[in-house]
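Note that the sequence shown covers residues -18 to -1, 1 to 318 in mature numbering (1 follows the signal peptide of the UniProt record, and there is no 0). To keep things clear, I will list the structure first and then write my remarks on it.
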Amino acid sequence: MRNIIGMALALVVLRVRGENINDGFCTDGKCYVVHIESKSFDAAVAVCQEKGGHLMTIRSQKVSDVLGGLLNGASGNFWLGLKYADNQCPNSNDELKGFKWVTGDNTAHYVNWKSDLAACSPLCVSVSPKVLKWTERPCNDRIEGYLCEYDNTGYCPPLSADAPVSYQTPFGFKANEELKEIPQYTNGTLQPLRTKHFCFDGSWLQAPWNCEVFNGGCDYKCVRKGQGNACICQPGFELDNNGVTCSKKDDDPCAFAGCEHNCTPVGNAFACTCRPGFQLGADGKSCEDCKPGFNIENGVCVDDDECESAPCEHDCINTEAFVITHHRKMQYYLYT
């Protein structure tokens, strides 16, 4: 189980790293994602393949309608997974006009060419939101974006049929209750209680799940507890009824203390403390870094004793932030 979860995390990180994603949608066991990122055709192919997919293929009117929804509100041109593959002009019966899908086949149950004329040259195909017709263009053009297609096996059903819900998918796009095929490794948050769920192998796991996966779904921290996992909150906060989110305690003296670093309740009062290397300011709330030549000791900045390192041949006198070295009849000031 641990190895499976590790693979899931690696897949999710790989898919969403460095993304500029506008939208996505899943249907009929496939997920389609539009990327707003200027690339040539071959560069777009490489990105989709790196994330376990390929450039989008359009094989039906239904998928073409999905394409229109994805590009709604976008601008520019976007690569599809169609590239000219022959060295000679195709015959008149070839609906793909000598082009092949990046999946290696040339099946054509649906076509939507802007021009019926055969190009007879090594071109690639793009679409634009204004005209969803397939348009040939040089493959080395750097256009505004591209669309990736992924297999969506092991997907989960919707978390709820009537309550509001939000999804964060492993493909990088967010969705709401309109999404009906939820990709595996998706995080789902169900309203109004804000319970968190994780899609794994066709089923939903309610948080806290394994702490290694997205912090177990916990707002603050996930910890092992007995044979399972539990969420905990930072000082001054308490766990909500959903078991994952944290809210400030109404009677917590730290709630409005204004400590810059750390606050610890002391009865009905509070005490501010600072992180290592800082000292508490005169106001008892702010934290100040020690100036050069000083180190923090017991919460107070104290002068370093540079004489401890024996920098002088004869006598050494430690003063604030520097040492005085006596050598015969000459006196030197060595600043540190």
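Here a beta-carbon is modelled for each residue, glycine too, at the ideal position from N, C-alpha and C. Remember, it's a predicted structure, so these values are computed and weren't measured experimentally.
N- and C-terminal bounds of the alpha helix (DSSP H) containing F60: Counting along the chain, F60 falls outside any alpha helix (DSSP H), though it belongs to the beta strand (DSSP E) covering F60 to Y66.
Local conformation of A100 per DSSP, three classes: coil
Pick helix, strand or coil for residue 322, following the three-state DSSP scheme. A question about residue 322 goes unanswered here, because the residues of the chain that appear run from -18 up to 318.
Exposure of E279, with buried meaning 16 or more beta-carbon neighbours within 10 Å: exposed
Reduced DSSP category for F238 - H, G, I as helix; E, B as strand; rest coil: coil
Given a threshold of 16 other Cβ atoms within 10 Å of its Cβ, counted over all protein chains shown, does T85 qualify as buried or as exposed? exposed
Taking the DSSP output, what are the residues bridged to P247? F252
Beta-bridge partners of H179, as assigned by DSSP: G170 and Q188
Local conformation of E194 per DSSP, three classes: coil
Identify every residue that forms a DSSP beta bridge with D271. F260
Give me whichever residues DSSP pairs with T9 in a beta bridge. K12
I299 in three-state terms, based on DSSP: strand
On a Cα-Cα basis, can you pick out the residue from I40, A101, E131 and L64 that is closest to Q31? E131
Candidates G55, F60, G51 and L99, of which the one nearest D76 by Cα: L99
DSSP state of residue 344 mapped onto helix, strand, coil: The structure shown has nothing for residue 344, since the chain only spans -18 to 318.
Could you tell me whether the stretch 141 to 153 touches the stretch 110 to 124, where touching means 3 or more Cβ pairs closer than 8 Å? no
Bridge partners of A56, per DSSP? Answer by DSSP bridge pairing: none, since A56 is not bridged.
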